[in-house]
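All you need for our numbering is the position in the sequence shown, starting with 1, plus 874. Heads up, the beta-carbon is just placed ideally off N, CA and C, and yes, glycines get one too. Scroll down for the structure; my scribbles are underneath it.
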Amino acid sequence: MLKKVFGPSDCAKCRLCCNFQRESVWETPFLTDEQAARFEADGVEIVRRSRGGASFALRFVDGSDEPANCPFLNPARGCSLPEDRKPFECKVWPLRTMEKDGRLVIGRYRNCPALAGEKGAALDRLATKELLPTLLAFVAENPASIREFSPLYEICWEGDLPASANDDARSNG
Ligand code: SF4
Ligand code: SF4
């Protein structure tokens, strides 16, 4: 979805979004229950999120601070999932939908090396014009995918939370 701004070769060199520190487990991609069931049927280990939905289980080495790869990261070629099986959040990364002070915000990950200079602004324009209906439709259907705001993200859009989101505090669990 973001190919107008940057390409898979940028991510193949970086892979930051597919490789997680223990403290960034909350960033692992949201899976709908239906997607999670399909992956589980294929033998992929899944963890359920406390607010609904699921994500891939990560394998950290005991006693080590080494980050863990997403199970679908091919270290040589990048993501090994076909486009139609990729989690939605991976398709729109490094954009993320979050809740801040009772509002829905769309943020762009600040440290993406592919978005230096004008490219960051170009992605903001893409997010707030072309992609906005798709992003809003996804969170309306999957309010559990909305995370707590993190300052790692530059806010590029702000609006109302979807009516489907309840009043509970947002959780990154
Ligand atoms: S941080 Fe940017 S370049 Fe790196 S993997 Fe994520 S989206 Fe791609
Ligand atoms: S599913 Fe693919 S794009 Fe998403 S985190 Fe895993 S390897 Fe990266």
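Asked: Please name the residue or residues paired with GLU973 in a DSSP beta bridge.; Found: LEU978 and GLU1022
Asked: CA-CA distance, ALA1043 and MET972?; Found: For ALA1043, the pLDDT reaches just 47, beneath the cut-off of 50, and the residue's location in the model is therefore unreliable, although a value from the coordinates is still provided. C-alpha separation (whole angstroms): 12 Å.
Asked: Using only the alpha-carbon positions, how far apart do GLY881 and PRO961 sit?; Found: 17 Å
Asked: How is GLU1028 classed by DSSP in three states: helix, strand or coil?; Found: strand
Asked: Name the one or two DSSP bridge partners that SER929 has.; Found: VAL921
Asked: Output the boundary residues of the alpha helix (DSSP H) element that contains VAL935.; Found: It is not in any alpha helix (DSSP H) - VAL935 carries neither H nor E in the DSSP assignment.
Asked: For PRO987 and CYS888, which I take to be in contact (beta-carbon distance under 8 Å), what is that distance rounded to the nearest angstrom?; Found: 6 Å
Asked: Is the beta carbon of PRO903 sitting closer than 8 Å to the one on SER924?; Found: no
Asked: What does DSSP give as the partner residue(s) for CYS953 in the beta ladder?; Found: LEU947
Asked: Sorted by chain position, which residues of the same chain lie with C-beta nearer than 6 Å to VAL935's C-beta, five sequence neighbours on each side aside?; Found: none
Asked: Between PRO961 and ligand 2, is there a pair consisting of the residue's CB and a ligand heavy atom that are separated by less than 7 Å?; Found: yes
Asked: Check whether the Cβ of PHE946 sits closer than 7 Å to any heavy atom of ligand 2, and report yes or no.; Found: yes
Asked: In terms of alpha-carbon separation, which member of LEU1009, ALA996 and GLU1028 lies closest to ASP1034?; Found: LEU1009
Asked: Would the beta-carbon of GLN895 fall within 8 Å of that of PRO941?; Found: yes
Asked: Check LEU905 in the structure and name its three-state DSSP category.; Found: strand
Asked: What do you reckon, is the C-beta of TYR1027 under 7 Å from a heavy atom of ligand 1?; Found: no
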